[in-house]
Ligand SMILES: Nc1nc2c(ncn2[C@@H]2O[C@H](COP(=O)(O)OP(=O)(O)O)[C@@H](O)[C@H]2O)c(=O)[nH]1
Ligand SMILES: [Mg+2]
């Protein structure tokens with residue numbers, strides 16, 4: 003399940019990722035722009051999502067990433083979260099320690115994206 | 433999931449309003465096999481109490497936007513609606529991008545919305561949609577609104593699962609005529625001219641009226657019901673309440689005329705036919721792979737055996753009682 007968390011309106015990257023995953027044979031549920039942690043939790047329950055991919059472009063990852071994990075935790079959902087976007091190296095470590103399953107930068111290839119999703123889903 | 437739950441537990445929780453359990457059950461139903469059968473076993477009783485509404489029409493006609501507005505109207509009226517939003521799988525990779533939720537953001541935590549990929553395999557949806565409807569019905573959702581792109585077998589399978597089918601057309605470019613050619617008008621119980629804020633909406637309505645009058649809509653076997661035409665602007669909600677009322681009126685007509693029973697019977701027949709067909713296909717494929725058949729196929733390919741003779745080898749392998 004892919005979503006833009008937060009208020010920025012750039013959805014080009016996430017749409018490219020959606021196509022990469024579809025072309026690898028996955029079913030991608032695209033939620034669109036301006037999602038909240040609550041709307042993502044509601045959708046994840048209804049869709050029985052295997053993994054959640056969040057795209058962020060306004061440097062909100064350090065607050066939004068952990069907020070997403072907390073919201074999932076509160077709902078009793080154990081679903082891996084992958085964050086995509088421009089995340090500086092030190093922040094990657096912070097997010098990973100906080101429980102984010104993987105971070106993908108803007109330069110990630112289709113192979114990398116697909117392999118990452120397969121890995122985090124398989125680990126469930 | 434943290435603790436593995438039995439199917440019985442999941443169903444109990446789903447009936448109790450646990451959306452996570454409902455979501456999980458829908459995945460199991462979609463996967464098919466014995467687990468799906470078991471769920472059907474436990475959810476079939478009384479699941480038909482809910483209304484099932486099919487919404488179909490060309491891509492981009494505004495179905496998802498309209499479904500969101502419609503679902504909000506049902507919720508306001510005190511109902512507890514659910515949506516099955518069907519989108520095609522890629523025939524090449526089996527993957528899919530399911531984007532209907534984008535237009536349903538305003539209702540995605542009040543209604544239960546589930547995205548469904550067609551998954552290509554023959555008859556797949558014809559089995560999984562009735563299964564999903566049972567799960568949602570037993571969880572107390574009504575109406576269950578199914579959105580599909582109006583083309584081909586998928587749409588036929590889905591409208592077969594619905595009590596009431598709403599066909600959405602839009603102004604311009606002979607949309608109503610196109611819909612007629614695609615056979616969409618034959619399945620319509622309610623017509624919606626969406627994007628009625630656009631120029632040409634009245635022409636589209638007239639086209640539809642004309643086609644109805646000329647009897648082009650031949651499949652309308654239900655003579656007691658003339659499909660109403662409702663004009664909507666799904667962006668600002670104009671006409672949405674009228675669509676809701678038209679759906680309810682059609683449901684009432686089905687009930688009072690006894691046609692609901694007839695539709696349910698037709699649905700049951702189709703579901704059984706699909707199951708039987710899939711089982712039969714499976715047996716044919718197994719028989720074709722047997723050593724006896726491989727020889728017969730070789731002979732047929734080399735011109736040593738006629739197709740009729742090859743069939744006489746195949747038939748008893750598929751059905752030992754056949755001669
Ligand atoms: N002008 C206008 N646009 C609409 C209306 N309903 C939907 N749309 C737009 O039509 C486009 C396609 O809508 P969508 O609901 O995704 O169509 P679907 O493919 O049939 O599900 C979107 O840009 C909607 O905003 C309407 O009543 N009027
Ligand atoms: Mg749609």
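Chains as they are written, first to last, in our numbering: chain A, 3 to 126; chain B, 433 to 755. For every residue, glycine included, the Cβ atom is placed at its ideal position computed from N, Cα and C.
Of the candidates 27(A), 38(A) and 29(A), the residue whose Cα lies closest to the Cα of residue 58(A) is 38(A). Residues of chain A whose Cβ lies closer than 9 Å to the Cβ of residue 559(B) do not exist; the shortest such Cβ separation is about 18 Å. Judged by the Cβ position, residue 491(B) qualifies as a neighbour of ligand 1 at the 7 Å threshold, a heavy atom of the ligand being closer than this. Under the DSSP assignment, residue 58(A) falls in the beta strand (DSSP E) whose first and last residues are 54-58. Straight-line measurement puts the Cα of residue 455(B) at about 23 Å from the Cα of residue 703(B).
The secondary-structure analysis by DSSP pairs residue 519(B) across a beta bridge with 549(B). Non-local beta-carbon contacts of residue 85(A) in its own chain, meaning distances under 7 Å to residues more than five positions away in sequence, involve 56, 58, 63, 67, 97, 102 and 105 in chain order. The beta carbon of residue 688(B) sits closer than 7 Å to none of the beta carbons in its chain outside the five residues before and after it. Only 522, 525, 526, 527, 528, 529, 530, 531, 533, 534, 537, 540, 541, 544 and 545 from the stretch 516-545 of chain B bring a Cβ to less than 7 Å from some Cβ of chain A. The C-alpha of residue 95(A) lies about 13 Å from the C-alpha of residue 107(A). The stretch 456-525 of chain B contains, as complete beta strand (DSSP E) runs of 3+ residues, the segments 484-489 and 514-519 (chain order).
Per DSSP, the unbroken beta strand (DSSP E) holding residue 29(A) starts and ends at 29-31. Straight-line measurement puts the Cα of residue 92(A) at about 47 Å from the Cα of residue 557(B). Distance check between residue 487(B) and each of 728(B), 727(B) and 676(B) places 676(B) closest, using alpha-carbon atoms only. Rounded to whole angstroms, residue 88(A) and residue 61(A) show a C-alpha spacing of 7 Å. For residue 23(A), the enclosing alpha helix (DSSP H) starts and ends at 14-25.
For the C-beta of residue 512(B), not a single chain A residue is nearer than 9 Å; the gap to the nearest is close to 14 Å.
Less than 8 Å separates the beta-carbon of residue 489(B) from that of residue 599(B). Within chain A, 47, 48, 49 and 50 have C-beta atoms less than 7 Å from the C-beta of residue 455(B), given in sequence order. In the three-state reduction of the DSSP assignment, residue 437(B) falls in the coil class, being assigned neither a helical nor a strand state. Taking every residue with its beta carbon within less than 6 Å of a heavy atom belonging to ligand 2 gives, in chain order, 495(B), 496(B), 532(B) and 579(B). The three-state secondary structure of residue 103(A), taken from DSSP, is coil. Contact annotation for residue 458(B) against chain A: 50 [CB-CB distance below 8 Å, chain order]. Relative to residue 565(B), the option among 593(B), 697(B) and 550(B) whose CA is nearest is 593(B). For residue 43(A), the uninterrupted alpha helix (DSSP H) segment begins and ends at 39-49.
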